[in-house]
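Peer 1: When you number the sequence shown by this note's numbering, it's gap-free, plus one each residue, and the end is 201.
From the three backbone atoms N, C-alpha and C, an ideal C-beta is built for every residue, glycine too.
Questions regarding the structure given below will be posed in turn.
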Amino acid sequence: MGNSKLKLSIEILTIVIAAGALVYSVIEHQQTVKLQKAQTERAIQLELEKEKPYLQIVFRKIDSEKEKGLVLTNVGPGPARITSFRYFLDEFAFQNDSSLTSWLNDKSKLTFSKDTLLIEEINFLDNGYVVAPGRNNELYFLKQIAPKFYNTQAQKDMDNLIIEIEYKSLNPFDKATYFLRYCEKFKTNNIRDKELPNIYE
Numbered sequence: 001m002g003n004s005k006l007k008l009s010i011e012i013l014t015i016v017i018a019a020g021a022l023v024y025s026v027i028e029h030q031q032t033v034k035l036q037k038a039q040t041e042r043a044i045q046l047e048l049e050k051e052k053p054y055l056q057i058v059f060r061k062i063d064s065e066k067e068k069g070l071v072l073t074n075v076g077p078g079p080a081r082i083t084s085f086r087y088f089l090d091e092f093a094f095q096n097d098s099s100l101t102s103w104l105n106d107k108s109k110l111t112f113s114k115d116t117l118l119i120e121e122i123n124f125l126d127n128g129y130v131v132a133p134g135r136n137n138e139l140y141f142l143k144q145i146a147p148k149f150y151n152t153q154a155q156k157d158m159d160n161l162i163i164e165i166e167y168k169s170l171n172p173f174d175k176a177t178y179f180l181r182y183c184e185k186f187k188t189n190n191i192r193d194k195e196l197p198n199i200y201e
């Protein structure tokens with residue numbers, strides 16, 4: 001009788017130990033899978049960062065500079081494909097969602113100023129346009145070469161422009177759509193979050 005109880009106790013203990021080992025093994029496997037997944041996601045993210053575009057706009061308007069105008073540059077490591085481009089004449093137009101996509105009207109006159117510029121180059125950002133990385137690939141929206149530009153009406157009108165650009169990476173694994181809103185008068189000239197308000201200096 002005593003031997004039977006001992007045998008039963010040993011069998012129960014064996015089952016408990018085996019069950020415990022199985023549970024431990026399952027938990028350890030789940031943790032390993034979770035760790036491997038995190039490492040894979042991190043590796044993918046690092047690869048995406050190596051090809052992530054990062055657009056910014058600056059306004060060159062000082063008379064001592066030979067070339068003046070609004071300049072778009074991709075300072076990220078990867079190319080940017082434009083998916084949307086528009087601009088507003090000022091904050092009033094922005095609040096009323098009254099945007100434009102061309103710098104010229106149907107009479108080939110500037111849309112944003114009645115001032116006359118000596119324009120050397122005009123660039124439009126059509127959907128699908130690719131902005132290569134590197135400062136040597138900077139793109140002037142309106143490159144003008146007038147010796148006197150600062151404090152002109154055109155310069156003041158360009159100060160008021162609000163430009164919005166949406167773009168994507170050429171990496172097929174990067175599904176993000178990146179955003180840029182620019183205005184020379186913003187406290188932070190280049191805004192990256194579409195939901196942020198326009199804060200002026």
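Would you report the Cα separation of lysine 168 and arginine 181, rounded to the nearest angstrom?
Peer 2: 15 angstroms
Peer 1: Below 8 angstroms on the Cβ atoms is my contact criterion, and I expect glutamate 166 with tyrosine 150 to pass it. Report the Cβ-Cβ distance as a whole number of Å.
Peer 2: Contact doesn't hold; Cβ gap of about 31 angstroms is too wide.
Peer 1: Go through its chain and collect everything with a Cβ distance to phenylalanine 141's Cβ below 6 angstroms, but skip five positions before and after it.
Peer 2: Leu70 and Asn123
Peer 1: Under 8 angstroms Cβ to Cβ from aspartate 193, same chain only, skipping five residues before and after it: list those, please.
Peer 2: Phe179
Peer 1: Rank Ile145, Ser102, Ala132 and Ala146 by C-alpha distance to the C-alpha of aspartate 126 and give the top, closest one.
Peer 2: Ser102
Peer 1: Considering Cα atoms alone, identify which of Tyr87, Ile17 and Glu51 is closest to proline 172.
Peer 2: Of the candidates Tyr87, Ile17 and Glu51, the one whose C-alpha sits nearest the C-alpha of proline 172 is Glu51.
Peer 1: Are the beta-carbon atoms of lysine 187 and glutamate 164 separated by less than 7 angstroms?
Peer 2: no
Peer 1: Confirm, please, whether the CB-CB distance from proline 197 to alanine 132 is below 7 angstroms.
Peer 2: no
Peer 1: Residues in the same chain with beta-carbon distance under 6 angstroms from serine 99, minus the five sequence neighbours each way, listed in chain order, please.
Peer 2: Arg86 and Phe88
Peer 1: Of all the options Gly76, Phe112 and Arg81, which has the alpha carbon lying nearest to the alpha carbon of alanine 93?
Peer 2: Phe112
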